[in-house]
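K.L.:
One structure is given below, represented as structure tokens, and several questions about it will come after.
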Amino acid sequence: MINTFVGNLGHFAVVLAFVSAILTAYAYYRFSIASELEKPSWQKFSRTVFYVHALSSVTIAFALFEIIYNHRFEYFYAYSHSSKALPVHYMISSFWEGQEGAFILWIFWNMVLGLILIRTNKAWEGPVMIVFALVQAFLVSMILGVVIGDLKIGSSPFMLLRDVSNAPIFQINPDFVPADGTGLNPLLQNIWMVIHPPTLFLGYASTLVPFAFLMAGLATKKYSEWIRPALPWAIFSAMILGMGIIMGAYWAYVTLNFGGYWNWDPVENAVYVPWLILVASIHTMITFKKSSTALKTSIVLVISTFILVLYATFLVRSGVLGDASVHSFTDLGLSGQLLIYMLFFLFAAVFLAAKSWKHIPTSEREASVYSREFWIFIGATTLALMAFQVILPTSIPVFNAIVEMFGGISNMAPPADQVGFYTKFQLWFAVILALLTAVGQFFWWNKMDGKTLKEALTVPYIITILLTAIIIVLAKVYDIRFMVIVLAGVFTIVANSTILIKILRKSSFKLAGGSLAHIGLGMILIGIMFSSGYSEVISTNLSGLTYKREWEDDLNKQNVLLWVNKPTQMKDYDVVYRGRHKKVVGVPGYVRVNKLQTTDDVNVAIALEDISAKGKVYHQKGDKVNLVLEENSYFEIEYYQDDEYKFTLFPMSQPNPTMGLISSPDSKRFLSKDLYTHISAINDYEDPEWKEDEWYEISPGEQVFISDFVTNFEGGEVITEVEGFELEEGDIAVKAKLIVLDNDIRKPLEPIFLIRGSQVGRIPVIDNDLGVKVTLENILPEENKFVFKVNRYQKDYVVMKAMVKPHINILWAGTIIMLFGFSVAIYRRYDEFSKMRDKGLE
Amino acid sequence: MKKGHIIGIGIIAVAILIIISSIGDASTYESFSTAKALAVKGDSKAIHVVGELKKDAYGRVVGLQVEEDKTSFIFTMVDNDGIEQQVYYNEPVPADFVRTEQIVVIGSFKSEEMFVADKILMKCPSKYQETEVQSAGM
Numbered sequence: 001m002i003n004t005f006v007g008n009l010g011h012f013a014v015v016l017a018f019v020s021a022i023l024t025a026y027a028y029y030r031f032s033i034a035s036e037l038e039k040p041s042w043q044k045f046s047r048t049v050f051y052v053h054a055l056s057s058v059t060i061a062f063a064l065f066e067i068i069y070n071h072r073f074e075y076f077y078a079y080s081h082s083s084k085a086l087p088v089h090y091m092i093s094s095f096w097e098g099q100e101g102a103f104i105l106w107i108f109w110n111m112v113l114g115l116i117l118i119r120t121n122k123a124w125e126g127p128v129m130i131v132f133a134l135v136q137a138f139l140v141s142m143i144l145g146v147v148i149g150d151l152k153i154g155s156s157p158f159m160l161l162r163d164v165s166n167a168p169i170f171q172i173n174p175d176f177v178p179a180d181g182t183g184l185n186p187l188l189q190n191i192w193m194v195i196h197p198p199t200l201f202l203g204y205a206s207t208l209v210p211f212a213f214l215m216a217g218l219a220t221k222k223y224s225e226w227i228r229p230a231l232p233w234a235i236f237s238a239m240i241l242g243m244g245i246i247m248g249a250y251w252a253y254v255t256l257n258f259g260g261y262w263n264w265d266p267v268e269n270a271v272y273v274p275w276l277i278l279v280a281s282i283h284t285m286i287t288f289k290k291s292s293t294a295l296k297t298s299i300v301l302v303i304s305t306f307i308l309v310l311y312a313t314f315l316v317r318s319g320v321l322g323d324a325s326v327h328s329f330t331d332l333g334l335s336g337q338l339l340i341y342m343l344f345f346l347f348a349a350v351f352l353a354a355k356s357w358k359h360i361p362t363s364e365r366e367a368s369v370y371s372r373e374f375w376i377f378i379g380a381t382t383l384a385l386m387a388f389q390v391i392l393p394t395s396i397p398v399f400n401a402i403v404e405m406f407g408g409i410s411n412m413a414p415p416a417d418q419v420g421f422y423t424k425f426q427l428w429f430a431v432i433l434a435l436l437t438a439v440g441q442f443f444w445w446n447k448m449d450g451k452t453l454k455e456a457l458t459v460p461y462i463i464t465i466l467l468t469a470i471i472i473v474l475a476k477v478y479d480i481r482f483m484v485i486v487l488a489g490v491f492t493i494v495a496n497s498t499i500l501i502k503i504l505r506k507s508s509f510k511l512a513g514g515s516l517a518h519i520g521l522g523m524i525l526i527g528i529m530f531s532s533g534y535s536e537v538i539s540t541n542l543s544g545l546t547y548k549r550e551w552e553d554d555l556n557k558q559n560v561l562l563w564v565n566k567p568t569q570m571k572d573y574d575v576v577y578r579g580r581h582k583k584v585v586g587v588p589g590y591v592r593v594n595k596l597q598t599t600d601d602v603n604v605a606i607a608l609e610d611i612s613a614k615g616k617v618y619h620q621k622g623d624k625v626n627l628v629l630e631e632n633s634y635f636e637i638e639y640y641q642d643d644e645y646k647f648t649l650f651p652m653s654q655p656n657p658t659m660g661l662i663s664s665p666d667s668k669r670f671l672s673k674d675l676y677t678h679i680s681a682i683n684d685y686e687d688p689e690w691k692e693d694e695w696y697e698i699s700p701g702e703q704v705f706i707s708d709f710v711t712n713f714e715g716g717e718v719i720t721e722v723e724g725f726e727l728e729e730g731d732i733a734v735k736a737k738l739i740v741l742d743n744d745i746r747k748p749l750e751p752i753f754l755i756r757g758s759q760v761g762r763i764p765v766i767d768n769d770l771g772v773k774v775t776l777e778n779i780l781p782e783e784n785k786f787v788f789k790v791n792r793y794q795k796d797y798v799v800m801k802a803m804v805k806p807h808i809n810i811l812w813a814g815t816i817i818m819l820f821g822f823s824v825a826i827y828r829r830y831d832e833f834s835k836m837r838d839k840g841l842e
Numbered sequence: 843m844k845k846g847h848i849i850g851i852g853i854i855a856v857a858i859l860i861i862i863s864s865i866g867d868a869s870t871y872e873s874f875s876t877a878k879a880l881a882v883k884g885d886s887k888a889i890h891v892v893g894e895l896k897k898d899a900y901g902r903v904v905g906l907q908v909e910e911d912k913t914s915f916i917f918t919m920v921d922n923d924g925i926e927q928q929v930y931y932n933e934p935v936p937a938d939f940v941r942t943e944q945i946v947v948i949g950s951f952k953s954e955e956m957f958v959a960d961k962i963l964m965k966c967p968s969k970y971q972e973t974e975v976q977s978a979g980m
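Just so you know, the protein sequences line up as chains A and B, in that order. The first sequence runs 1 to 842 under the working numbering. The second sequence runs 843 to 980 under the working numbering.
In structure tokens, the structure reads:
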């Protein structure tokens with residue numbers, strides 16, 4: 001039965017949210033220009049309308065989640081983004097897998113931020129909320145789903161499948177509801193994908209706050225006062241956005257097969273660029289608070305941040321990237337709307353800024369080389385250049401689109417080697433930044449001239465040189481470029497630590513945000529240098545290829561083929577593939593597939609043997625057990641070093657009907673490095689093509705080669721019970737015992753031969769690991785021989801890649817310290833703002 | 843000259859450097875014939891070629907040879923001008939490879955006959971375009 005109520009409720013809430021957003025903007029506008037006498041009533045009205053907007057935003061989110069949670073596959077969104085097999089926490093990921101859900105998430109965060117701003121601001125409420133409400137109106141319009149003639153406004157998540165699909169089934173039966181959805185992209189079935197998008201979108205949403213304060217300041221002629229309330233939010237935004245980026249990087253590192261945490265993909269670049277500009281704007285805003293310079297720069301940077309966030313959204317969601325990105329969204333026909341959204345705020349912001357440009361106070365004083373303003377300015381410029389260097393090539397598809405729009409032909413493509421191309425600039429910019437933060441912090445806290453600078457820097461300099469020398473020798477960093485990076489990173493850490501110690505001794509901890517964040521930067525730089533610069537593929541093929549073709553000369557085989565149970569040599573390790581496993585609900589670790597018999601039900605299997613882990617039996621033979629996502633197989637890879645067992649990894653792989661082989665790596669984590677193992681190809685043994693019959697006549701005790709395996713025939717035995725078969729009086733059942741030797745594994749294979757009256761039955765054994773099927777065809781008692789039929793397929797195998805990433809933990813630790821530094825700074829700046837507000841000054 | 847001017851000139855210089863390097867390092871979309879012409883001229887820069895896999899009359903992919911150790915393979919691709927070309931890729935065959943509708947190879951000619959791809963982008967039947975609804979479980 002089709003449930004149309006939830007969809008209608010959701011759609012109604014979308015329309016209400018849209019109308020109430022526009023009304024909020026209008027009401028707050030009237031509030032802002034109203035006389036003191038009328039202000040309270042306009043304020044009350046504006047707030048009420050915004051609360052209605054807030055309530056309808058929550059209803060939209062609720063309605064969509066209800067559809068996914070209750071498996072209402074009559075709705076397109078649930079059908080195409082979820083399935084019955086999904087556990088609840090992945091249903092949350094389904095919610096934002098589609099673009100519409102992502103927009104809802106964004107709307108939701110903006111709404112929450114709006115409520116907070118209403119509660120925490122006095123004088124700023126009116127003008128700030130106008131900007132908020134307008135942004136909300138644009139965002140809600142993306143999911144409006146209204147069609148006027150040929151014009152489609154927004155794409156509604158509440159469409160019924162029958163209205164979207166033109167499958168013939170709907171002509172026969174309009175009330176048809178599919179039994180199951182097509183499921184969630186397996187790459188998103190990861191705990192990081194549950195928390196990464198909300199974080200990123202909170203980051204996106206929060207860039208609106210400083211922008212809204214700036215717009216409010218320009219419109220109400222408070223050209224510089226907007227900085228105080230905007231600053232804590234700008235830092236908050238940078239922290240959350242930074243956290244979102246790091247989570248995305250970490251997710252890519254633990255689930256994706258690119259083999260790294262950062263790939264310079266256009267989608268990644270689209271978030272990185274606004275973050276850089278945001279960080280630059282924080283620095284210039286802080287400078288302004290200290291010394292009344294750099295106000296104009298701050299204004300330009302705050303506007304750029306917000307517009308770049310919209311530009312990023314446009315790039316990712318308009319489909320313009322097309323082939324250029326591995327994970328951009330397909331076009332939902334929103335590109336025009338997104339473009340209008342971006343251009344509206346671009347022109348509004350430029351207009352307001354241009355109008356008040358000549359009133360904006362500037363400082364005539366030329367900044368001296370020994371002033372902190374000078375160093376901060378150079379730092380902000382470096383950040384802006386970094387952003388420019390990334391956004392320019394990322395926009396090549398946009399450039400092509402524009403050229404083609406005017407009838408031209410452009411065959412420009414993004415750089416073929418993205419990582420190499422971006423790294424070559426970004427790394428050196430980052431080195432400059434690291435050096436600037438080290439020197440800049442000294443200027444920040446002390447009055448400096450040439451002499452005092454020299455004195456202040458001497459000790460950190462000496463410590464840096466010593467530490468760098470030690471690291472270079474111990475870690476064998478012999479590449480001159482990497483030496484420079486280590487030097488810059490260590491210098492930042494040492495110089496900022498010196499400052500940190502001074503701050504902790506002399507004043508309060510809440511001033512330490514800057515030095516902490518900069519220490520984090522130094523560690524990130526060193527971590528990236530080691531983990532990427534010294535990342536090494538260790539699965540190079542050592543099998544000794546007999547011949548090489550000319551084009552293969554400079555290519556390294558980065559994958560190895562592992563036959564099941566056969567030890568294969570890699571650089572420092574010998575590895576053995578031991579077969580496939582599944583995850584069973586409630587059982588720690590993994591369970592071998594040969595212990596499980598699949599059923600027709602989703603995620604349900606029957607235990608063929610007792611399932612135990614760590615000495616405890618979890619399931620008895622014959623029990624029904626629940627699998628965690630049955631499509632996922634875990635491949636057991638044992639690592640040996642000098643013939644000694646070291647550890648086992650279980651990289652995951654899933655043959656997905658729509659997306660091909662989806663693999664997630666597994667890593668062995670050492671303190672100083674990660675060993676990363678990833679499956680590139682697997683043997684598809686679901687429906688094997690058995691080769692022609694091979695016949696063996698053997699007596700008990702004999703040894704033969706079956707499918708190249710040494711096999712001992714131990715003998716036959718009459719049995720009284722046959723599994724899955726009722727034996728009757730007079731039936732004879734014989735089981736033959738074959739032991740197959742495969743490297744260090746002894747595998748018993750026991751085919752069964754049945755006689756009932758004049759009929760015979762045969763129960764063959766299939767071993768997927770070995771890729772053989774053995775049938776006991778006949779027994780010849782007079783010759784004491786057993787006749788076996790053998791069919792071969794292929795031994796099970798995996799093709800895998802293994803990589804070592806040294807010192808990646810320094811990178812993760814650095815990011816945590818940096819985020820902690822941001823938090824301290826937020827606390828300090830918010831404290832300043834709330835004190836001023838409570839004095840009645842804001 | 844004031845210090846501000848020097849810095850300004852410095853910034854512009856770096857920006858120009860960035861633009862030049864972006865244009866210089868930007869790859870291009872080519873056909874196999876223009877790609878070969880580039881290679882003959884000695885230009886070994888990686889380029890993009892868009893095309894399809896070669897298929898027989900029944901729509902089956904032909905010309906796919908997987909190496910014995912399964913870690914690399916050779917396939918036949920037809921570019922948008924209809925030119926056939928053998929392409930070598932130093933990675934295992936991606937699982938959905940034969941189902942791909944459009945393929946972009948990024949690489950260059952390493953010999954007269956062989957185009958070596960450093961990277962392959964595949965456009966597979968997208969789930970958004972999928973209009974076929976499984977009719978099981980009615």
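All C-beta atoms in this analysis are idealised placements derived from N, C-alpha and C, irrespective of residue type, glycine included. Just so we're clear, the structure is a prediction, and the values are computed from it rather than from any experiment.
Assuming A/Arg756 contacts A/Glu728 under a Cβ cut-off of 8 angstroms, what Cβ separation, rounded to an integer in Å, is found between them?
P.N.:
Contact flag correct, Cβ pair sits at about 7 angstroms.
K.L.:
Closer than 6 angstroms by C-beta to B/Ser977: which residues in its own chain qualify, once you throw out the five before and the five after it? Chain order, please.
P.N.:
Summary for B/Ser977: the model assigns pLDDT 37, below 50, so the residue's position carries little reliability, and this model does not support an answer.
K.L.:
Looking at the strands, I want to know which residues DSSP matches up with B/Met956.
P.N.:
Its beta-bridge partners are B/Gln928.
K.L.:
Would you identify the three-state DSSP class for A/Ile471, choosing helix, strand or coil?
P.N.:
DSSP places A/Ile471 in helix when its eight states are reduced to three.
K.L.:
Of all the options A/Val140, A/Phe73, A/Gln654, A/Leu427, which has the alpha carbon lying nearest to the alpha carbon of A/Glu100?
P.N.:
Measuring from the Cα of A/Glu100, the nearest candidate turns out to be A/Val140.
K.L.:
I want to see whether chain A comes within less than 8 angstroms of B/His890, judged by CB atoms only; does it?
P.N.:
Yes - at least one Cβ of chain A is within 8 angstroms of the one on B/His890.
K.L.:
Give me the chain B residues within the contact set of A/Ile396, using Cβ-Cβ distance strictly less than 7 angstroms, ordered along the chain.
P.N.:
The contacting residues are Ala868.
K.L.:
Shorter than 7 angstroms, the distance from the beta carbon of A/Leu315 to the closest heavy atom of the ligand NAD, or not?
P.N.:
The ligand NAD is not among the ligands present in this structure, which contains no ligands whatsoever.
K.L.:
Using the rule of at least 16 other Cβ atoms within 10 Å of the residue's Cβ for burial, across every protein chain shown, is A/Phe351 buried or exposed?
P.N.:
Its Cβ having fewer than 16 others within 10 Å, A/Phe351 is exposed.
K.L.:
In angstroms with no decimal places, state the Cα-to-Cα distance between A/Thr720 and A/Gln759.
P.N.:
The alpha-carbon atoms of A/Thr720 and A/Gln759 are separated by roughly 18 angstroms.
K.L.:
The beta strand (DSSP E) spanning B/Arg941 covers which residue range?
P.N.:
Here B/Arg941 belongs to no beta strand (DSSP E), and DSSP marks it neither H nor E.
K.L.:
What does A/Leu561 reach in chain B if we use C-beta pairs closer than 9 angstroms?
P.N.:
Residues of chain B passing the Cβ test: Glu910, Asp911, Lys912, Thr913, Pro934.
K.L.:
Does any CB atom of chain B fall closer than 8 angstroms to the CB of A/Phe347?
P.N.:
No, no contact with chain B.
K.L.:
Using the beta-carbon of each residue, which ones in chain B are nearer than 7 angstroms to A/Met412?
P.N.:
Neighbours of A/Met412 on chain B, chain order: Ala868, Thr870.
K.L.:
Can you tell me whether A/Asp180 is helix, strand or coil according to DSSP?
P.N.:
The answer is coil: DSSP assigns A/Asp180 none of H, G, I, E or B.
K.L.:
Buried or exposed for A/His89, going by 16 or more other Cβ atoms inside 10 Å?
P.N.:
Flag for A/His89 reads exposed.
K.L.:
Counting only Cβ-Cβ distances shorter than 7 angstroms, please list the residues of the region 363-393 of chain A near chain B, keeping chain order.
P.N.:
Of all residues in the region 363-393 of chain A, Glu366, Thr381, Leu385, Phe388, Gln389, Leu392, Pro393 have a Cβ within less than 7 angstroms of some Cβ in chain B.
K.L.:
Just the Cα atoms here: how many angstroms apart are A/Thr546 and B/Gly949?
P.N.:
In this predicted model, A/Thr546 has a pLDDT of only 43, less than 50, meaning its place in the structure is not dependable enough to derive any value.
K.L.:
Would you call the region 773-792 of chain A and the region 737-754 of chain A touching, i.e. three or more CB-CB distances under 8 angstroms?
P.N.:
Verdict: yes, contact present.
K.L.:
Just to confirm, are A/Leu521 and A/Ala512 a CB contact at a threshold of 8 angstroms?
P.N.:
Going by C-beta atoms, A/Leu521 is not nearer than 8 angstroms to A/Ala512.
K.L.:
By Cβ distance below 8 angstroms, which residues in the same chain neighbour A/Trp106 in space, the five residues on each side in sequence not counted?
P.N.:
Closer than 8 angstroms at Cβ, skipping near neighbours: Leu139, Phe201, Tyr204, Ala205.
K.L.:
Does any C-beta atom of chain B lie closer than 8 angstroms to the C-beta of A/Ala416?
P.N.:
Yes - at least one Cβ of chain B is within 8 angstroms of the one on A/Ala416.
K.L.:
Counting only Cβ pairs nearer than 7 angstroms, list the residues of chain A close to B/Val903.
P.N.:
Ordered by position in chain A, no residue passes the 7 angstroms Cβ test against B/Val903, which lies about 14 angstroms from the chain.
K.L.:
State the Cα-Cα distance for the pair A/Ala34 and A/Arg47, rounded to the nearest angstrom.
P.N.:
If I take the Cα positions, the gap works out to 15 angstroms.
K.L.:
Please report whether the beta-carbon of A/Val419 lies at a distance below 8 angstroms from any beta-carbon of chain B.
P.N.:
Output row for A/Val419: interface = no.
K.L.:
Cutting at 8 angstroms between CB atoms, please list the residues of its own chain near A/His327, excluding the five before and the five after it.
P.N.:
Confidence at A/His327 is low in this model, with a pLDDT of 49, below 50, so the placement of that residue should be treated as unreliable; the coordinate-derived value is given next. Asp265, Val267.
K.L.:
Given that a residue counts as buried once 16 or more other Cβ atoms are within 10 Å of its Cβ, and exposed if not, what is A/Ser507?
P.N.:
So A/Ser507 ends up on the exposed side.
K.L.:
State the beta-bridge partners of B/Phe915 as determined by DSSP.
P.N.:
Answer by DSSP bridge pairing, in chain order: B/Val908, B/Tyr931.
K.L.:
What's the gap between the Cα of A/Pro87 and the Cα of A/Asn8?
P.N.:
Computed Cα separation, rounded: 26 angstroms.
K.L.:
Tell me whether the beta-carbon of A/Asn791 lies closer than 8 angstroms to the beta-carbon of A/Lys668.
P.N.:
Taking 8 angstroms as the Cβ cut-off, A/Asn791 and A/Lys668 do not qualify as a contacting pair.
K.L.:
In chain order, which continuous runs of the beta strand (DSSP E) of length 3 or greater are located wholly inside the region 119-153 of chain A?
P.N.:
If we require 3 residues or more, the beta strand (DSSP E) runs fully inside the region 119-153 of chain A come out as 146-148, 151-153.
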